[in-house]
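Trainee:
There are 2 protein chains.
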Amino acid sequence: MRADNRLPRVLHALLHMAEMKGPATSSQLAKMLGTNPSVVRRTMSGLRDAGLLISVKGHGGGWSLKKPLEEISLIEVYEALGQPQLFAIGLSQSGSGCLMEKAADQFTANALAKASSAFQAELREVKVSEIAHQFKNQLESGAGRKQHQI
Amino acid sequence: MRADNRLPRVLHALLHMAEMKGPATSSQLAKMLGTNPSVVRRTMSGLRDAGLLISVKGHGGGWSLKKPLEEISLIEVYEALGQPQLFAIGLSQSGSGCLMEKAADQFTANALAKASSAFQAELREVKVSEIAHQFKNQLESGAGRKQHQI
DNA sequence: ATCTTATGTGACATTTAATGTTACATAAGA
DNA sequence: TCTTATGTAACATTAAATGTCACATAAGAT
Chain A
6 MRADNRLPRV LHALLHMAEM KGPATSSQLA KMLGTNPSVV RRTMSGLRDA
56 GLLISVKGHG GGWSLKKPLE EISLIEVYEA LGQPQLFAIG LSQSGSGCLM
106 EKAADQFTAN ALAKASSAFQ AELREVKVSE IAHQFKNQLE SGAGRKQHQI
Chain B
6 MRADNRLPRV LHALLHMAEM KGPATSSQLA KMLGTNPSVV RRTMSGLRDA
56 GLLISVKGHG GGWSLKKPLE EISLIEVYEA LGQPQLFAIG LSQSGSGCLM
106 EKAADQFTAN ALAKASSAFQ AELREVKVSE IAHQFKNQLE SGAGRKQHQI
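Residue numbers (our numbering), protein chains in the order written: chain A, 6 to 155; chain B, 6 to 155.
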């Protein structure tokens, strides 16, 4: 499967939007993200439906934040995207009804469930504004000193 | 991406192999797993290289366990498969060098890293024999009572 | 009113990494 | 030497994501 990049891309877009005065058009965001406007509209529509963004048609229109980054946690973004499939690993699902297969699938599913819980727990703890702060820190350290980079 | 089923499939195969007297041929395993012999050989070769299985050519040959299921943890199986890509979610990786993108990627990668740790920690705690025990429990409850199923 | 700039949306192409398939070399028992 | 296996490479298929294109719709600008 091709990797799903929507989460980091949308986060990236939110950071740019927070630094803009007016709305960002799909074309502008597409250039920032290295994709095209249709992909932006398709991807952002979920965030609008979830109440994180507003979209406006016509002259001077585009996409804007409905609330500040301090009030948006990563889990909200993930959910607004429709909770994209997290794993590239799946179950056997041969449909044979073999009880050994079922047992193997159950243990696999259990390990995946623990991973998913950890992932979502982390997303719940982080606000998008924290990413913005890290960006600003990197700006500073990138300008003068390099020795603090890991 | 298409889901990677190797982990649950291999676990399923190990359970069958533990119940067989002699070696299991790739054809036999392929029927049990709902695939074909080449896939079995390709998949099992990693477990042989990792010292979990032995493969023998010619008459009476096939695949056998090199050690009992009690001594094989799920993490060993996962590693023997070459640690298949766990996530369907990836980073932006546009290569633009945008620091906002980097910050978004770092936070995404961090959440994925926590998920991966949880996944591997769970795999480390479980032996393949435990899956075999669950299979036997399901056999019992499936034979007589159904009321304990969830 | 009409033009221009946007989003909204559906259909289809492309990409990518997995599994599936086929063919044949190689090893070893019968 | 025949038959049964694994070993392996090459290629086909599949699935799910992103990429692309076309056109409808809405709203400010002229």
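Backbone N, C-alpha and C fix where the C-beta goes; we use that ideal spot for every residue, glycine too. All values derive from a computational prediction rather than experimental measurement.
What residues of chain B sit near A106 of chain A, judged by a beta carbon separation below 7 angstroms?
Mentor: The residue you call residue 106 of chain A lines up with position 101 of the first sequence. In the sequence as displayed, the identity of residue 106 of chain A is Glu instead of Ala. Per Cβ cutoff of 7 angstroms: H17.
Trainee: Label S97 of chain A either buried or exposed according to how many other C-beta atoms from any shown protein chain fall within 10 Å of its C-beta, with 16 as the threshold for buried.
Mentor: Taking the first sequence and counting its residues from 1, one reaches residue 97 of chain A at position 92. By the neighbour-count rule (16 or more Cβ atoms within 10 Å), S97 of chain A is buried.
Trainee: Assign N10 of chain B to one of two classes, buried (16 or more other C-beta atoms within 10 Å of its C-beta) or exposed (fewer than that).
Mentor: As a working mapping, residue 10 of chain B is identified with position 5 in the second sequence. N10 of chain B comes out buried.
Trainee: Just the Cα atoms here: how many angstroms apart are A35 of chain B and T48 of chain B?
Mentor: As a first step, residue 35 of chain B is located in the second sequence; it is residue number 30 there, counting from the start. As a first step, residue 48 of chain B is located in the second sequence; it is residue number 43 there, counting from the start. Cα-Cα distance, rounded: 11 angstroms.
Trainee: Between the Cα of S31 of chain B and those of B:R46, B:L128, B:E84 and B:L20, spot the shortest distance and give me the residue it belongs to.
Mentor: Along the second sequence, one-based indexing puts residue 31 of chain B at 26. Nearest C-alpha to S31 of chain B: B:R46.
Trainee: Against chain B, with Cβ distances strictly below 8 angstroms, would M49 of chain A count as a contact?
Mentor: Sequence index remark: in the first sequence, residue 49 of chain A carries index 44 (1-based). No, because no Cβ of chain B sits closer than 8 angstroms to the Cβ of M49 of chain A.
Trainee: Just how far apart, CA to CA, sit D110 of chain B and L38 of chain A?
Mentor: Counting from one through the second sequence, the residue named residue 110 of chain B turns up at place 105. Counting from one through the first sequence, the residue named residue 38 of chain A turns up at place 33. Roughly 12 angstroms separates the two Cα atoms.
Trainee: Distance cutoff 8 angstroms, beta carbons only. Does S97 of chain B sit that close to anything in chain A?
Mentor: For this step, residue 97 of chain B is matched to residue 92 along the second sequence. Answer yes: the Cβ-Cβ gap between S97 of chain B and chain A drops below 8 angstroms somewhere.
Trainee: If we ignore side chains and look at the alpha-carbon of each, how far apart do L91 of chain B and N115 of chain A end up?
Mentor: Walking along the second sequence from the start, residue 91 of chain B turns up at place 86. Walking along the first sequence from the start, residue 115 of chain A turns up at place 110. Their backbone Cα atoms lie some 14 angstroms apart in a straight line.
Trainee: Near L86 of chain B, what residues of its chain come up, given a Cβ to Cβ distance below 7 angstroms and the 5 sequence neighbours on each side ignored?
Mentor: Counted from its first residue, the second sequence places residue 86 of chain B at position 81. So the list reads R11, L12, V15 and G51, once near-sequence residues are dropped.
Trainee: When the cut-off is 8 angstroms and only beta carbons count, does M25 of chain A lie next to chain B?
Mentor: In the first sequence, residue 25 of chain A corresponds to position 20, counting from 1. By this cut-off, M25 of chain A is not an interface position.
Trainee: I94 of chain A: which of A:V44, A:E81 and A:F112 sits nearest, CA to CA?
Mentor: What you label residue 94 of chain A is simply residue 89 of the first sequence in a count that begins at 1. Nearest of A:V44, A:E81 and A:F112 to I94 of chain A, Cα basis: A:F112.
Trainee: Cα-Cα, which of A:H138, A:G56, A:S121 and A:M6 is closest to A108 of chain B?
Mentor: As a first step, residue 108 of chain B is located in the second sequence; it is residue number 103 there, counting from the start. It is A:H138.
Trainee: Smallest Cα separation from V44 of chain B: which of B:A18, B:G63, B:V61 and B:A55?
Mentor: Residue 44 of chain B sits at position 39 when you count from the first residue of the second sequence. When each option's Cα is compared against that of V44 of chain B, the closest is B:A18.
Trainee: Can you name, in chain order, every residue of its own chain whose Cβ lies under 7 angstroms from the Cβ of M6 of chain A, other than the five neighbours on each side?
Mentor: Locating residue 6 of chain A in the first sequence gives position 1, where the first residue counts as 1. Once the five neighbours on either side are set aside, the close Cβ partners of M6 of chain A are A93.
Trainee: Could you tell me whether any Cβ in chain A is nearer than 8 angstroms to the Cβ of N41 of chain B?
Mentor: For this step, residue 41 of chain B is matched to residue 36 along the second sequence. No, no contact with chain A.
Trainee: Are the CB atoms of A55 of chain B and E84 of chain B within a distance shorter than 8 angstroms?
Mentor: For the purposes of this step, residue 84 of chain B is identified with residue 79 of the second sequence, where counting begins at 1. For the purposes of this step, residue 55 of chain B is identified with residue 50 of the second sequence, where counting begins at 1. Yes, the pair counts as a contact, with Cβ atoms nearer than the cut-off.
Trainee: Please decide whether L20 of chain B counts as near chain A, where near means a Cβ-Cβ distance under 8 angstroms.
Mentor: Numbered from 1 along the second sequence, position 15 holds the residue referred to as residue 20 of chain B. Judged by the 8 angstroms Cβ criterion, L20 of chain B is in contact with chain A.
Trainee: Report the residue from A:P89, A:L57 and A:G67 whose alpha carbon sits nearest the alpha carbon of M25 of chain A.
Mentor: In the first sequence, residue 25 of chain A corresponds to position 20, counting from 1. Comparing Cα-Cα distances from M25 of chain A to each of A:P89, A:L57 and A:G67, the minimum goes to A:G67.
Trainee: Expressed to the nearest angstrom, what Euclidean distance is found between the alpha-carbon atoms of P89 of chain B and K62 of chain A?
Mentor: Stepping through the second sequence from its first residue, residue 89 of chain B is reached at position 84. Stepping through the first sequence from its first residue, residue 62 of chain A is reached at position 57. Their backbone Cα atoms lie some 44 angstroms apart in a straight line.
Trainee: Can you name the residues of chain B whose CB is closer than 8 angstroms to the CB of G147 of chain A?
Mentor: Working through the first sequence from its first residue, we reach residue 147 of chain A at position 142. Ordered by position in chain B, the residues that pass the 8 angstroms Cβ test against G147 of chain A are L104.
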